[in-house]
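These notes are about the structure you will find just below.
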Amino acid sequence: MKHVLKLGLFGLCVAAASAAGRTLDVDWPDQMAGQDLQWNSVPEIWDEAPFIGNGVMGSMIFREDGSRLVIQIGRGDVQEHRMASGQHVAGNVLPDSSRLPVGYFTLDTVGEIKGCDLRLNLWDAEITGTVSTDRGELGILAFIHSGRNLLVVETKADSGEAGFAYSWHPEEAFCPRVKGKRKGGKEYRPEYDGNPDPVVTEGQGLNTCVQTLRGGGVTATAWAIATKGREKTLLASVGHTYPEANALELATANVGFGKKTPLDALLKGHRRWWHAFWPESFVSLPDARMESFLWVQHYKMACTTKGGNLLADNQGVWMQPVTGWPGLWWNLNVQLAYSHLLPANHPELSLGLVEHLHRYRDNLAKNVPEEMRADSAAINTVSGQDLLSPIGDPRTGGRGLSTGNLTWAMHNAYMQYRYTMDEALLRHKIFPLLKRAINYYFHFMIEGEDGRIHLPRTSSPEYGDAEDCNYDLALLRWGCGTLIDICGILKVEDPLLPKWRDVLERLTPYPVDETGFMIGKGVPYAKSHRHYSQLLMLYPLCMMDLDDPEQRALAMKSLKHWQSYPEALAGYSYTGSSSMFSLFGDGEMAERRMQDFFNDKLLPNTFYKEGSPVIETPPAGARSILDMLIQSWGDTIRVFPAIPEAWADVSFADLRTEGAFLVSAVLKNGKTAFISIESLAGAPCRVRTGIKGEIKVDGIDAKDVVQLGDGLVELALPKGATAILSDAAYKGDFNIEPVAKTRYADWRWGLSGEGKK
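Numbered according to our numbering, the sequence shown terminates at residue 793, and the numbering increases by one at each position without gaps.
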C-alpha cells in the first residue's frame, strides 16, 4: 500500500499555486524491501551477521562451526557496578564499570551447514529465510519484540533436519577489555577477578540462568522452547537490575507473556512500532549503496536507542565477549553515534541522550574534585551507563584530562532544543547542566599577563596535552556564547551572564601556525591523528564564518593539513572530513570521502571496528550523507548544499532542521525543482534554496516573503504553516518519489552476490 501524504497550504499565494501541496508517493513496504540486507553466504562472525534489537536487548546470528548456528543475546545495561557501589578493584572505569557479555544459544543442525538465504527485513525488523545443510533445510524467523524484552526465534525443519536442537551457553561475566589484553599475553589489571559462575536451572517449560555480580546487581536469562512437530519456537529474555535483585522476575515475566501470546499477535504488536517509525522521513539517492546504508543506520540506532532507556555505547546492544571498547567513550564516540538522528527526523531517539545526562546529573557532579561539586560537572573519557567517570583539576592532576567531553555532549543536547524548540527541555534539563559544564572550566582557567583568559595543560583527545588546547577553547567559547543565547531565549538574567560575556571577550584566540589550527599552544598538528579535536570550531560546532575569506581559507587549510597525514586516519576521520567538505559546498570531496569509507573501512553488515567492534562511525556516516542534502547551522537552512555532479536526481521528505522545520525537496537534472518547508514552532526561517532564477513561493502571503537574491529567501512562517518554494520556470507537480538508481543499482549489504564493493 502506498503511503501518500498531502500538506495543505495556508494564506494567499505569492504566485498562482500550481498544486494544493506537496505529496509523498511511496509504497513503504516496497521501499524498505529495496534496502534489506541479504545473505547468500553463511555469516561466520559478528561483522557479517544479521542483527536485531529493541533498544534494550540485541541479537546476532552467525555460524560457529560446520553444524552450529550461534544466536547471540545481549542487553545494553549489563555492566559491572563496582564503581557505583564503592567496591573498586582497579580504581578505573574499566573494568570497574565495564559492559559484560551475557551469552548465546546454539542451533545445532543434523547435517553440516552448506548455505543460506537470509534477509534482514527492515520494514518488519525481522530476520527471515532458510539455512541449508547436507541433510535438509531449516526455515528461520527471528525478532526482538519492539514492546517487550523478548527474543523470538521460530524454526521450521524439513524431514532431514527434524532432529535439530537448541542449547544455552552463558558467557563469562568478565570485562572484555581485560580478557582481550590478557589473551594477547599482557599482565593487565591483575587485581580484577571477574564474577562468580552463573547458576543455570533447567525445568519443566522454563529455564533460567542467574549471574550475580561481585559489585552488586544481577543478570538473569530466562528461556523456553515450544515444540510442535518439526517446529521449535525459542522465547528468551534477559533482565538486569541494580541495586535491586529482581532481574529473574522480569525475565521470566517476559517469557511467560511470549508463551501465552500467539505468534501472530506477537508479530502484530512488534511490527506496529516499526511501521510507524519508518515514514517519519524519506531520502532517495541515485547511489543505491549509499541510500541503503543510510536506512540501515536509522534501523541500527533504533535497535540500540529505542525507548530512551539506555545510551548507545561503543557496542550498542550487540556486546561482544572480547573487545577493547566495552563502555561509553565521551571524547567523540557518544556524540557521533547520536549525530544523524535529529536531521533524520527522529528526535524521539536523540532525546534519550538528553534524558540520560539529566537522570545522572548528580553522578556528573561527583566526577569533578570535591571542592568543585557545588557548581560544576564533567566526565572523563570512559564511563558505564551510570556516567561515573572521575576527572581531576588540570592544574594539579595528571596528563590526558579531556576536560571538554561533557560540554561536547551538551552541544548534542542543545541541538535537541534547536531542532525541536522545546523550551521546557531547554529550561529544566539543558541549561542547568550546560552551566555546570562551563563552570568546571572556570575553576582552572588562568588570566595571563596579556590580559587574556588562558587554559592550563589539558588533553586534545588521543593526540596529547597542550596549554590553550583548541579542543577546549572551542568548546568553552561555544558554551559561553550558547549560555548567553539561552538567557535571551528564556528571558532570564542569570548572575553568571557578566562572566560568560567576559570570557567571550577575553578568551585567547585559537593557536594557529602556517598549516592552520594547532593542537594547542606550542603543539602543532605534526603526525597522523584519527580524531579531529583541533577542528571542532569548524565541525560540528559550526562556529566559523565561511563567508569570510580569511576564516574560510584558515578552515580549509586546516582541514587539508589534517587529511594530509593519512596513516592513522580511521573511519570517523573519513566521515568527519566528508561533513567538513560539505560545509564548504564541495559535494565532490564529500561524496569521495564517503565512498572511500565504504571501500576501505566498512564491514559487510555496515558495522565497523577499530581493532575490535565499535558502533559510532556508521551513524556518523549517515550524518555525513544528510549534510550533503541539508544543513541548518547559523541562521540559515541550506538545501542541497553539497551535491556531487553525478547525483542529477535526488529527493527527500521531512528532514528536520534547526528551528524545528520539516523540509522536503526534489532535485531534477541537477537543479532544485521545489522545496517544501513546514514550520513546527513558528521560528524565523531563512533558506538558501540553490535556485538560480526567480523564486516562486506558494502557501503564504506576499508580505511574509523577502527575497534577498542569489537564491536566499526569508519567510515569516507561522507554526503549522507550510510554504513551497520553486523555480519560477518549473512547471511540474510537487510530488516526491524515489529516484532512479544510476550507481550500485543492485547493491545489497550483507553477504550476497550483489553486495560487492
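Note that CB positions come from ideal geometry on N, CA and C, so glycine has one too.
Item	Value
With burial defined as no fewer than 16 other Cβ atoms inside 10 Å of the residue's Cβ, what is the status of residue 99: buried or exposed?	buried
Quick one: using the 10 Å Cβ neighbour count with 16 as the cut-off for buried, is residue 258 buried or exposed?	buried
Alpha carbon to alpha carbon, how far is residue 152 from residue 196? Give it in angstroms, no decimals.	16 Å
For residue 135, which of helix, strand or coil comes out of DSSP?	strand
Go through its chain and collect everything with a Cβ distance to residue 355's Cβ below 6 Å, but skip five positions before and after it.	110, 135, 137
For residue 552, does the three-state DSSP call read helix, strand or coil?	strand
Contact defined as beta carbons within less than 8 Å: I believe residue 579 pairs with residue 513. What is the distance between those atoms, to the nearest angstrom?	7 Å
Quick test of the definition: if touching needs 3 or more C-beta pairs under 8 Å, does the region 441-448 touch the region 506-522?	yes
For residue 600, does the count of other Cβ atoms within 10 angstroms reach 16, so buried, or fall short, so exposed?	exposed
Near residue 365, what residues of its chain come up, given a Cβ to Cβ distance below 7 Å and the 5 sequence neighbours on each side ignored?	350, 417, 418
Given a threshold of 16 other Cβ atoms within 10 Å of its Cβ, counted over all protein chains shown, does residue 157 qualify as buried or as exposed?	buried
Pick helix, strand or coil for residue 774, following the three-state DSSP scheme.	coil
Select from 504, 688, 671, 654 the residue whose C-alpha is nearest the C-alpha of residue 665.	688
Does the region 283-301 come close enough to the region 223-240 that 3 or more CB-CB pairs lie under 8 Å?	no
Just to confirm my understanding: we take residue 567, look at its own chain, exclude 5 residues before and 5 after, and list those with CB closer than 7 Å. What are they?	368, 497, 498, 499
Just the Cα atoms here: how many angstroms apart are residue 101 and residue 79?	11 Å
Comparing C-alpha positions only, which one of 282, 494, 272 sits nearest to residue 253?	282
What ranges does the beta strand (DSSP E) occupy inside the region 203-280, keeping only unbroken runs of at least 3 residues that lie completely in it?	235-238, 243-248, 254-264, 267-277
Comparing alpha-carbon positions, which option in 560, 604, 619 lies nearest residue 637?	604
Can you name, in chain order, every residue of its own chain whose Cβ lies under 6 Å from the Cβ of residue 291, other than the five neighbours on each side?	258, 260, 271, 273
Reducing DSSP to helix, strand and coil, say where residue 306 ends up.	helix
Within its chain, find whatever has a CB closer than 6 Å to the CB of residue 174; leave out the 5 residues flanking it on each side and keep chain order.	167, 191, 193, 197
Helix, strand or coil for residue 8 per DSSP?	There is no way to answer for residue 8, as the model of the chain reaches only from 37 to 793.
Closest to residue 652 by C-alpha separation, out of 379, 728, 341, would be which residue?	341
Going by CA-CA distance only, name the one from 60, 430, 457 that's closest to residue 692.	457
Who pairs with residue 702 in a beta bridge, going by DSSP?	687, 710
Going by the beta-carbon positions, is the gap between residue 734 and residue 713 smaller than 8 Å?	no
Can you confirm whether the region 63-75 touches the region 110-120 when touching is taken to mean that 3 or more C-beta pairs between the two stretches lie within less than 8 Å?	no
Which same chain residues end up closer than 6 Å to residue 256 when comparing Cβ atoms and leaving out the 5 residues on each side of it in sequence?	246, 275, 283, 284, 287
Buried or exposed, going by whether 16 or more other CB atoms sit within 10 Å of the CB of residue 235?	exposed
Out of curiosity, what's the CA-to-CA distance linking residue 485 and residue 717?	47 Å
DSSP has residue 523 in a bridge; who is on the other side?	The partner list for residue 523 (beta bridge, DSSP) is empty, contrary to what the question assumes.
Taking the beta strand (DSSP E) that residue 649 falls in, what are its first and last residues?	648-650
What's the C-alpha gap between residue 308 and residue 343?	14 Å
Have a look at residue 447 and residue 577 and give me their C-alpha separation to the nearest angstrom.	8 Å
Could you check whether the region 740-758 touches the region 775-790, counting it as contact only if at least three pairs of C-beta atoms, one from each stretch, sit closer than 8 Å?	no
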